[in-house]
Amino acid sequence: MALETFPAHRLPRRSVLGGAAALLALPSAPGWTKSEDAAVRLRNLLDDARNNLAATLAALQSMDPARLAPSARIDLLTARAGLAIDIELAQRFPPARLGNDPVAHASSISRLPNDADRYALLLRRSVGDDADPARLRRRLQTELARTLARADTLFRRVGRRHGSVGARYSELWRDPRWLYTDDDAGRDRAVADMNRMLDAARSKLRRGFGPLPTLHLSVRVQRMTRAEEAAGRQGYRVLPDGARPGAYVVDLKDIRRRPRWTLPAVVHHELVPGHMVQLPMEAAASPHPLRITYAAAFAEGWAIYAEQLASAQGAYRGDPLGELGQCHWRLFRIARALADLGLHVEGWSSTMVLNNWREWMGEPAYFAPFATDLDRIVREPATRAGEAAMWLAIEDLARSRSAIAFHRHVLAHGRMRTDLLRTTLGATA
Numbered sequence: 020m021a022l023e024t025f026p027a028h029r030l031p032r033r034s035v036l037g038g039a040a041a042l043l044a045l046p047s048a049p050g051w052t053k054s055e056d057a058a059v060r061l062r063n064l065l066d067d068a069r070n071n072l073a074a075t076l077a078a079l080q081s082m083d084p085a086r087l088a089p090s091a092r093i094d095l096l097t098a099r100a101g102l103a104i105d106i107e108l109a110q111r112f113p114p115a116r117l118g119n120d121p122v123a124h125a126s127s128i129s130r131l132p133n134d135a136d137r138y139a140l141l142l143r144r145s146v147g148d149d150a151d152p153a154r155l156r157r158r159l160q161t162e163l164a165r166t167l168a169r170a171d172t173l174f175r176r177v178g179r180r181h182g183s184v185g186a187r188y189s190e191l192w193r194d195p196r197w198l199y200t201d202d203d204a205g206r207d208r209a210v211a212d213m214n215r216m217l218d219a220a221r222s223k224l225r226r227g228f229g230p231l232p233t234l235h236l237s238v239r240v241q242r243m244t245r246a247e248e249a250a251g252r253q254g255y256r257v258l259p260d261g262a263r264p265g266a267y268v269v270d271l272k273d274i275r276r277r278p279r280w281t282l283p284a285v286v287h288h289e290l291v292p293g294h295m296v297q298l299p300m301e302a303a304a305s306p307h308p309l310r311i312t313y314a315a316a317f318a319e320g321w322a323i324y325a326e327q328l329a330s331a332q333g334a335y336r337g338d339p340l341g342e343l344g345q346c347h348w349r350l351f352r353i354a355r356a357l358a359d360l361g362l363h364v365e366g367w368s369s370t371m372v373l374n375n376w377r378e379w380m381g382e383p384a385y386f387a388p389f390a391t392d393l394d395r396i397v398r399e400p401a402t403r404a405g406e407a408a409m410w411l412a413i414e415d416l417a418r419s420r421s422a423i424a425f426h427r428h429v430l431a432h433g434r435m436r437t438d439l440l441r442t443t444l445g446a447t448a
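Numbering (the numbering used here), first residue to last: 20 to 448.
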């Protein structure tokens, strides 16, 4: 069975971690730095895993994690968990039944025998063995009610008291006071505003992360070229590598759908404290591609968590419109995760999903028109729910912990599955 893999960007480890004092190292047996043969054997096994899942898993089970450096140890534990799930998927839902591999053919998942079991396995595959669809659904419903209530409070504060939250978002979306002009001047102004938002976010990083290397701070928002906009390219990131600064290249083609109050949360998600803190640190840890696959929800989960972290650090103090933007992004994540669960496990119709989204959000996220996002959720079971499960797990584990120590633990050696996060933090599910 072919395994999906993703390239791991590689950056010099010292350039990323050198400025972050006392990054957490997981306990290791004495002399692990000399166990290069164990690390090489692990890498070879993981590189060859797709050729024989069962044999690879058996070999991995015989390896002693304590003989490995922290990042390699996480590779080992993550691969064990993920390969076990892929073996179960292949046995219970063989490719011949699905017409492809056990992760494909999402549109038919709710019509398969034992569909709920398959969905639960897919959720665990990208998140962790503690991920549970029913528990996640209940939690998302709680978060939905809480976020809608907060949005209602904020709308009342800015004088919008009538209609559903979604209807009020639609009205605010079209308020010309917050729209940029559809020309070069408008796009330049949007980028300048986002860079000012980035400067404000960067000034708060030390509070949550302690000293970070210059690498994480050397990032900016940039405009796309006209050719990229014309080709319909979506926003993308360029990671800093020590020789060049990093950038988030923002899609402003349909700039009239980018009201100013929606942009601060984009900065927090795409730049700091979101992807541009997590991804360079992960690149330095050089996780094996199998770890990227079997903790696939982590990067997006971290970035969603980062949006709320920025809010908790006072990013929207005195700015109800900016906080409404953050609430809309949160509603977007909640709504698509509930749709994922609803479509694949609970028998929701497309009409029900779209009606819910209009009631809760009013307007789609810039890069995810309702019809397009619905089709993607149908084709990618457990993906959006997995991202939500990861984000909520990080958010929960952060409570009552020192922010700096927690963030270093979570990020220092690259992504982890939620059950491994809980175990290494000494937490219970």
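Glycine included, every Cβ here is placed at the ideal spot set by N, Cα and C.
- Proximity to A358 across M371, P299, H294, D151 peaks at M371, based on C-alpha coordinates.
- Shown here, A390 sits in a helix according to DSSP, grouped into three states.
- In terms of Cβ geometry, V146 and L236 do not form a close pair [threshold 9 Å].
- When the alpha-carbon of E399 is set against those of D218, E382, L362, R169, the nearest one is in L362.
- Restricting attention to alpha helix (DSSP H) runs no shorter than 4 residues, the region 188-266 encloses them at 203-221, 224-228, 233-236, 245-249, ordered along the chain.
- Between D438 and A103, the C-beta gap is not smaller than 9 Å, which leaves the two residues out of contact.
- V291 sits in coil when the DSSP states are folded into three classes, being neither helix nor strand.
- Annotation for Y385: no alpha helix (DSSP H) segment contains it, and DSSP assigns it neither H nor E.
- The C-beta of T166 has 16 or more other C-beta atoms within 10 Å across all chains shown, which makes the residue buried.
- Pairing V210 with L340, the inter-Cα distance amounts to about 18 Å.
- For G341, the enclosing alpha helix (DSSP H) stretches over residues 339-360.
- Partner residues in the beta bridge of V269, as assigned by DSSP, are R242.
- N71 carries a coil assignment under DSSP once its states are collapsed to helix, strand and coil.
- Distance check between R277 and each of V59, H428, M213, A354 places M213 closest, using alpha-carbon atoms only.
- Residues of the same chain with a CB within less than 7 Å of the CB of A329, apart from the 5 flanking positions on each side, are A220, H287, P292 in chain order.
- Residue A325 holds the alpha-carbon nearest to the alpha-carbon of F228 among L79, Y188, A325.
- Closest option to G344, judged by alpha-carbon separation, among R169, R252, S222, N71: R169.
- By the Cβ rule, the region 404-424 does not count as touching the region 183-201, because fewer than three pairs are nearer than 8 Å.
- Judged by beta-carbon spacing, E382 lies within the 9 Å limit of G185, meaning their Cβ atoms are closer than that value.
- Taking every protein chain shown into account, the CB of T97 has 16 or more other CB atoms within 10 angstroms, so this residue is buried.
- For T402, the closest of I353, A431, N375 by C-alpha to C-alpha distance is I353.
- The closest CA to that of D83, considering only S90, L95, A74, A73, is found on L95.
- The Cβ atoms of L373 and L393 sit closer than 9 Å to each other.
- Each residue's CA atom was taken as its position, placing R225 and S421 some 13 Å apart.
- With a cutoff of 9 Å on beta-carbon distance, G433 and I93 are scored as near each other.
- In terms of Cα proximity to L231, the closest of E190, Q297, V240 is Q297.
- The Cβ atoms of H307 and R158 do not sit closer than 9 Å to each other.
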